[in-house]
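**Q** This structure is in structure tokens; I'll ask about it shortly.
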């Protein structure tokens, strides 16, 4: 899986956290992997590792976004925009 494809799949998976409870996410992640037909074990591991790294740092990422974006907070942002920003901050700061 190329970096672009990985980023696209991560975006789709991260977008789901806005609409599902935290306890539902393991099940949602499994549905996603089946739905997207990500069958390569290395691709699954890479996607899973990055997804869980982002989830672990989500509070830090949101705090950074809230500090830097004037006139907005993560609660007011559109879900697509928020997901893109979260992924971008993660890649810049932690990846």
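Residue numbers (my numbering): 7 to 101.
For every residue, glycine included, the Cβ atom is placed at its ideal position computed from N, Cα and C.
(1) Note down the Cα distance separating residue 83 from residue 49, rounded to an integer number of angstroms.
(2) DSSP on residue 86, reduced to helix/strand/coil?
(3) According to DSSP, is residue 48 helix, strand or coil?
(4) Would you call residue 35 buried or exposed, if buried means 16 or more other Cβ atoms sit within 10 Å of its Cβ?
(5) Give the DSSP-derived three-state secondary structure of residue 23 in the structure shown.
(6) Taking contact to mean 3 or more Cβ pairs, one atom from each stretch, closer than 8 Å, check whether the stretch 59–75 and the stretch 83–101 are in contact.
(7) How is residue 100 classed by DSSP in three states: helix, strand or coil?
(8) For the stretch 12–27 and the stretch 52–61, state whether three or more C-beta atom pairs, one from each stretch, are separated by less than 8 Å.
**A** For this structure:
(1) Distance between the alpha carbons of residue 83 and residue 49: 30 Å.
(2) DSSP places residue 86 in helix when its eight states are reduced to three.
(3) It is helical.
(4) When all chains shown are included, residue 35 counts as buried.
(5) Looking at residue 23 - three-state DSSP - the assignment turns out to be coil, as it is neither helix nor strand.
(6) Enough Cβ pairs lie closer than 8 Å, so yes.
(7) Three-state DSSP puts residue 100 in coil, outside helix and strand.
(8) Contact between the stretch 12–27 and the stretch 52–61 is present: three or more C-beta pairs spanning the two stretches fall below 8 Å.
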